[in-house]
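First up is the structure itself, then whatever we jot down about it.
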DNA sequence: AAACGACTTGCAAACGTTTTCCTGTTGGCT
DNA sequence: AGCCAACAGGAAAACGTTTGCAAGTCGTTT
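Residue numbers (the working numbering), protein chains in the order written: chain A, 10 to 363; chain B, 10 to 363.
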């Protein structure tokens, strides 16, 4: 692969001149400029961005840490982030933690040593352990030689004056969904929640409870049952609820996978949905549109979250490091009403995204 | 962020010694080694991999080019590739073409200038244009300074003596699926194929035809109809076939999205599946398990494709560039029988992957 | 006792850029 | 015609590593 010296030799100029032509950083006479440009074309030269990175202390790479690419949530986030990244001239580095906290800090360290320009941390819905937080905060204080690696978290905001975040008001979304069921006249609503301690799970429970309180409808705390994200767990919990003759007329699920499981349980036990039990999911994954009955769900602007994080990252990188002021961007959810709560709800296959 | 000079100063040694301690490349006395190690810990030093990359002409980054992360096929490929990459110490760079050939060559050029160690090209199911092929072949001839960037294509093999590939025998998979339907006694099988020219689409058609020939069953060429990947197109084609009273008893679809559309069309027109029309999809995406009736589908080892490509990439990078001998790795498909062809077929929700 | 080998360490070059500093040339103004 | 400013272009330093080479210190062998 040709380097800048080859180009300089071919064009009969110094490497400084070649660099200037490429970057337009200083005037070069038309004569030389032409010679350089044709040399570049002949050799198919492109500047080595590793060397550029070393010189500029800047790699134009942004890392995004997720738990797994196979979770559709992250897939959309990545898409949003990548779309914006491409437009702004960054490359995206992706890494998965598979929910291991150790792995997370390891990845962050590795990205730091790779000199990525910034890190989008979309992985930890659980609380971080102290080490991660400490490490990340250290990143913010890297003022030496003007280097610093901004971190933006997704879905939740760290307790820090420095780390930006893009979040969703999950409490409100759960509140809205619960209110919606209450307005439909449902009075015995069960909630299949996320595993204990999951902070988003807790926000959903809070919204669920607040809606009941504000509507003056009592609820049975034993009807808030933790699932483990999976379809099968939703299936099991719902099946138990029904078989043990708990008196319920709606199930609000903390994700769509579990909601699909609940639908399957009702189907097997011949409980009509939505007539006897209405079901609401969370996340509006693709499958929500194609199960039968189709699933009413809360739609999280996943793509937009990734895009917003990347836009914000760019802003931060542009501004003076010393002036950085933390910002928390809150995005809202949408509500997709489908057949699992309203028999006549219609939706079109036409615009499905896979 | 501390650099190697800081460590050297702190430990009172030269930077060469620090480097040797880090890499274990040459014996260092215990005394100095200890001093260096504690300096490293105190400063939280990690070698800058940009500088290392420049020195070694090697970045330990592998790029993977796909059409879109939102397609579950690629998601699984990425997972397989990433799993192996992590184990072998590579980072993964991801880029999307969104099916634009121009974008593809642009991305390859950009990755070359970023000095990635290798490129996995999973994007182009359509034929590449001449430019891309030409460019990629140029990559293979980069012997100067021992640099060369191996390319591995996924799903199809280029007409080149140099470019490795990981492929699927789609013709055989389609043959098997069609034979299966014929053995079930179906005699009027329609095929919703991919857009013209799509090479994988053509392989599926070939398998479809070969099965008919070998079974001595004639088929109606007008029942091979191109869809455009989408659920909606599957829906439309199936709906037309039924409404126009074409005499069919099975539909073999070139992907699951279209198969789901076909199922929805049958549902709307009250054609029982599988009693009147059996439906087989391709790819075994997640949704195949949860539609009702669940969808019989050909399962492509997506994860394994990514993993195999990455393993092969590692092999190539280890071997002597001059000795490189192209290899084409062919993986086989599995067949998932479900309710859309056999009413009593059962599958469990338990092990669903999302 | 002299010489040689083994081992440890440091110096400096190199990787491919960008950019500062400097020199030489041109052109405009008086 | 003489000066100065403006400009074009080259040489060289710098970014953070790794590594070949030289030099120094031992210990061992003849």
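Even for Gly, the Cβ is constructed at its ideal location relative to N, Cα and C.
query	result
Between residue 252 of chain A and residue 195 of chain A, what straight-line distance do the alpha-carbon atoms span, to the nearest angstrom?	20 Å
Quick check: what's the CA-CA separation for residue 22 of chain A versus residue 64 of chain A?	22 Å
Can you give me the C-alpha to C-alpha distance between residue 263 of chain B and residue 167 of chain B, rounded to a whole angstrom?	22 Å
For the region 211-238 of chain B, which residues have a beta carbon sitting closer than 8 Å to at least one beta carbon of chain A?	none
Along the chain, where does the alpha helix (DSSP H) that runs through residue 26 of chain B open and close?	24-32
For residue 163 of chain B, write down the residues that DSSP places opposite it in a beta bridge.	B:175
So that I know if they touch, is there some Cβ in chain A lying closer than 8 Å to that of residue 87 of chain B?	yes
Using the three-state DSSP reduction, which class does residue 84 of chain A fall into: helix, strand or coil?	helix
Quick one: which residues of the region 163-176 of chain A get their C-beta closer than 9 Å to a C-beta of chain B? List them in chain order.	none
Are three or more beta carbon pairs between the region 14-33 of chain A and the region 47-58 of chain A nearer than 8 Å?	yes
Any idea what DSSP makes of residue 261 of chain B, helix, strand or coil?	strand
Below 9 Å on C-beta distance, what does residue 392 of chain A contact in chain B?	Outside the shown range of chain A, which is 10 to 363, sits residue 392 of chain A, and nothing can be said about it.
Alpha carbon to alpha carbon, how far is residue 129 of chain A from residue 78 of chain A? Give it in angstroms, no decimals.	15 Å
Is the Cβ of residue 55 of chain A closer than 8 Å to any Cβ of chain B?	yes
Just tell me which of B:172, B:306, B:298, B:12 has its CA closest to the CA of residue 144 of chain B.	B:172
So, helix, strand or coil for residue 346 of chain B, using DSSP?	coil
Excluding five sequence neighbours on each side, which residues of the same chain lie with their C-beta closer than 6 Å to the C-beta of residue 338 of chain B?	175, 317
Is residue 257 of chain B near residue 232 of chain B, with beta carbons less than 8 Å apart?	yes
Taking DSSP as the reference, what is the three-state secondary structure of residue 363 of chain A?	Here residue 363 of chain A scores only 48 on pLDDT, less than 50, and its place in the model should not be relied on; the value that follows carries that caveat. Of the three classes helix, strand and coil, the one that applies to residue 363 of chain A here is coil, per DSSP.
Name the residues in the region 105-137 of chain B whose C-beta lies less than 8 Å from a C-beta of chain A; which are they?	105, 118, 119, 121, 122, 123, 124
What number of angstroms, rounded off, separates the C-alpha of residue 12 of chain B from the C-alpha of residue 62 of chain B?	15 Å
Using 8 Å as the Cβ pair cut-off and three pairs as the minimum, do the region 306-315 of chain A and the region 103-112 of chain A touch?	no
Assuming residue 7 of chain A is part of the alpha helix (DSSP H), what are its boundary residues?	Nothing can be reported for residue 7 of chain A, as the shown portion of chain A is limited to 10 through 363.
Could one say the Cβ of residue 76 of chain A lies closer than 8 Å to chain B's Cβ atoms, at least one of them?	no
Closer than 6 Å by C-beta to residue 276 of chain B: which residues in its own chain qualify, once you throw out the five before and the five after it? Chain order, please.	none
Quick check on the DSSP output: the beta strand (DSSP E) that includes residue 105 of chain B runs from which residue to which?	100-105
Taking 7 Å as the cut-off, is the C-beta of residue 206 of chain B nearer than that to any heavy atom in the ligand NAP?	Among the components modelled here there is no ligand, and therefore nothing to report on the ligand NAP.
Quick one, are the C-beta atoms of residue 70 of chain A and residue 30 of chain A less than 8 Å apart?	no
What would DSSP say about residue 111 of chain A, mapped onto helix, strand or coil?	helix
At a Cβ cut of 7 Å, what residues of the region 250-277 of chain A count as close to chain B, listed as they run along the chain?	266, 269, 270, 273
Could you check what DSSP says for residue 391 of chain B in three-state terms: helix, strand or coil?	The shown model of chain B, from 10 to 363, leaves out residue 391 of chain B, and the question about it has no answer.
Excluding five sequence neighbours on each side, which residues of the same chain lie with their C-beta closer than 8 Å to the C-beta of residue 35 of chain A?	29
Residue ranges of each beta strand (DSSP E) run of no fewer than 3 residues wholly in the region 277-320 of chain A, ordered along the chain?	287-291, 305-308
Counting contacts by CB-CB distance shorter than 8 Å, is residue 315 of chain B in contact with chain A?	no
Can you name the residues of chain B whose CB is closer than 9 Å to the CB of residue 63 of chain A?	57, 59, 60, 62, 63
Rounded to whole angstroms, how far is the Cβ of residue 216 of chain B from the Cβ of residue 183 of chain B, which I believe are closer than 8 Å?	3 Å
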